[in-house]
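Residue numbers (this note's numbering), protein chains in the order written: chain A, 4 to 101; chain B, 1148 to 1611.
From the three backbone atoms N, C-alpha and C, an ideal C-beta is built for every residue, glycine too.
Have a look at the structure below before the remarks.
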Amino acid sequence: MQANLIDALFIFILAAFIGFEVIRRVSPLLHTPLMSLTNALDAIAVVGAIILVGEHKSNFATVLGVIAVIAATSNVVGGFLITDRMLKMFKTSRPTKS
Amino acid sequence: MTDFAGNQTIIEVVYLIASVLFILSLKWLSSPSTARHGVWAGELGMLLAICGTLLHHGIVDYKWIAIALVIGSGIGVPLGLVQMTAVPQRTALSHAFGALCVTLVGSAEFYLRSPNVPGFLMAVLSMEVILGGLTFTGSLMAAGKLQEILPQRPLTYKGQNFVNLLLLVAAIVVAVYLVLNPGAKQFFPAMLGISLVFGVLLVIPIGGADMPTVISLLNSYAGLSAAAMGFVLNSKLLIIAGALDGSSGFILSVIMSKAMNRSFTNVLFGAFGQVQTAAAGAQEAKSVRSATAEEAAAILEAANKVVVVPGYGMAVAQAQHKVRELYDLLTRHGVDVRFAIHPVAGRMPGHMNVLLAEADIPYDRLIEMDEINGDFPQTDVALVIGANDVTNPAARNDHSSPIYGMPILDVDKAHTVMVIKRSMSPGFAGIDNPLYYLDKTLMLFGDAKSFVNNIVRELSGVHA
């Protein structure tokens, strides 16, 4: 338990540093897509909810789990979809068509 | 047994690959040319992680998982197809959904494990539930304000900060009690309830102009609560994704706060709107010069360099497509047109860029504040469309102004300033803008969309 915990803390701190360095380089141009993308990635919490539903340890837990899976899945699908739609719109200068 | 262990190893390896893909996904987002690869990497990572999870040996029932996945996708698709102007409220809503998932899973874990919850685990679980709960209701409030279901003006009352602080302390006290007595199930709903109420009260006093900071902060909280869930479930993948999301929200919050020259605590406990309304009335007497669309068109046509400054008003009036027509016409006349983007223009980070990109304006014409500010003295016309506080020179030279010290776009240094505005009523924060009373400033009174349309008609009419 204690060892697991320390491992987890290491992972958290290192990931936070990687996140910091990577995200610092994201152009302000793309801050809105950044937020919707991280939101979609964050919905990886669906994994925990899926296990909760699948293990079916109690009816109460399963009901909460089902709602949790629904909420997270809508973020996964909606988040990736809108991020891609936004990024598709960003185009560089080209001869104006008329 | 060996079969289970084998499965477990496969799942862990799949999670590792997913983690790498998530990091690559954010790395590729650093430039518009690779950004879409980032989305694909994220999607692939997510797909792998979900498929890997379905191999988990403890899963005995797939029916409800399938049903929930289908319903969730059904809700997600329309949320992914909303209009670009609705992106801020959609984002707030998705923070709420993410936090809801985390809170529900945390609650279920508590009731399944109590009273056998080790101290540290209970502490992390409490953090997960408190952060998740306040992010859920806080984000719903933010979404409601952005969708204008709820009043956008800050709602304040006497002793507000004290009440909020008291609630936060109460939630932490209950959490500490639960850490010491993890069997005290009856106290868990209290902790959850307090954090839900806290989320509502936290966002109530926050006005529309502060939304970019608040959305970023809620983003950060959502990430941290997911990371806490990773600790509870001992899931490295979840810890990594939560840490990435948390640091992203944190960085954005810092950028937004700096762009408003305010601290986090000031945004959360400041209730921007109410302080300044008193000052606005005193200066009504000053005179302004106004102009018609015809005059504005003539001035724009004669210019060499034009900088357009878009703000929330452009988004509200849905004027971005008309602005693009104006951009096309002026560019064809040989005018150099660029767009000056203030970090907090609009209602979320990057809001203006997305709207202008939607209208097909090339992104290399969208210039950040620090980069374009030096160019204003050589700019013939600065055209302000629906922006107010981010152009207010009082932030630079009036020590008594509530926004003194906030970095602004130096539009007052351009040769001519034109401001499209519905009326002389002060902006969202209720602060009077001395820019409007300058001799070089022309006020163009009207709705942003129809006024730009009139300018476009004048410009194309002359050369038909």
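If the criterion is Cβ atoms closer than 7 Å, does the pair residue i and residue j meet it?
i, j, result
"K60/A", "L1268/B", "no"
"V29/A", "S1177/B", "yes"
"I73/A", "G1253/B", "no"
"A64/A", "A1255/B", "yes"
"G1458/B", "A1406/B", "no"
"A19/A", "A1390/B", "yes"
"L1385/B", "S1363/B", "no"
"V1558/B", "T1588/B", "no"
"G1199/B", "V1249/B", "no"
"S1342/B", "A1317/B", "no"
"I85/A", "G1227/B", "yes"
"I1532/B", "I1567/B", "yes"
"S1382/B", "N78/A", "no"
"P1581/B", "A1541/B", "yes"
"A1506/B", "A1595/B", "no"
"L1173/B", "V25/A", "yes"
"G81/A", "G1223/B", "yes"
"V1379/B", "V1453/B", "no"
"G1340/B", "S1261/B", "no"
"I1158/B", "L1202/B", "yes"
"A1561/B", "F1592/B", "no"
Taking the beta strand (DSSP E) that residue i falls in, what are its first and last residues?
i, result
"V1484/B", "1483-1488"
DSSP on residue i, reduced to helix/strand/coil?
i, result
"S96/A", "coil"
"P1359/B", "helix"
"P1540/B", "coil"
"A1196/B", "helix"
"A1506/B", "coil"
"A1418/B", "Note on A1418/B: pLDDT 48, under 50, position unreliable in the model; the coordinate value appears next. If DSSP states are grouped into helix, strand and coil, A1418/B belongs with coil."
"L1447/B", "helix"
"A1492/B", "coil"
"S1367/B", "helix"
"G1306/B", "coil"
"A1331/B", "coil"
"N7/A", "helix"
"D1557/B", "coil"
"A1429/B", "Here A1429/B scores only 46 on pLDDT, less than 50, and its place in the model is too uncertain to base an answer on."
"G1189/B", "helix"
"A1464/B", "coil"
"Q1230/B", "coil"
"R88/A", "helix"
"T1424/B", "Here T1424/B scores only 40 on pLDDT, less than 50, and its place in the model is too uncertain to base an answer on."
"N1263/B", "coil"
"N1520/B", "helix"
"A71/A", "helix"
"I1170/B", "helix"
"Q1299/B", "coil"
"H1204/B", "coil"
"S1180/B", "coil"
"N1580/B", "coil"
"L1343/B", "helix"
"H1498/B", "helix"
"I1319/B", "helix"
"V29/A", "coil"
Just list the residues that DSSP pairs residue i with in beta bridges.
i, result
"F1592/B", "K1568/B"
"L1513/B", "F1486/B"
"V1528/B", "V1453/B, T1563/B"
"S1437/B", "M1590/B"
Would you kindly report the start and end of the unbroken alpha helix (DSSP H) that includes residue i?
i, result
"P1457/B", "Unbroken run through P1457/B is the beta strand (DSSP E), 1452-1457; no alpha helix (DSSP H)."
"I1550/B", "Unbroken run through I1550/B: none, as it is neither H nor E."
"I53/A", "49-58"
"A1406/B", "1383-1406"
"L1473/B", "1467-1479"
"I1218/B", "1210-1227"
"S1286/B", "1266-1293"
"V1234/B", "1234-1260"
"N42/A", "34-45"
Are there any heavy atoms of the ligand GDP lying less than 6 Å away from the beta-carbon of residue i, as far as the coordinates show?
i, result
"V1537/B", "Ligands are entirely absent from the displayed structure, and the ligand GDP is therefore not among its contents."
Please determine if the segment 1385-1400 of chain B and the segment 28-42 of chain A are in contact, where contact requires at least 3 C-beta pairs separated by less than 8 Å. yes
Cβ contact (3+ pairs, closer than 8 Å) linking the segment 1320-1336 of chain B and the segment 1270-1283 of chain B: yes
For the pair the segment 1493-1511 of chain B and the segment 1543-1550 of chain B, tell me if three or more CB-CB distances fall below 8 Å. no
For the segment 1281-1297 of chain B and the segment 1342-1351 of chain B, state whether three or more C-beta atom pairs, one from each stretch, are separated by less than 8 Å. yes
Does the pairing of the segment 7-24 of chain A with the segment 1472-1492 of chain B give three or more beta-carbon distances under 8 Å? At 8 Å Cβ cutoff, the stretches do not touch.
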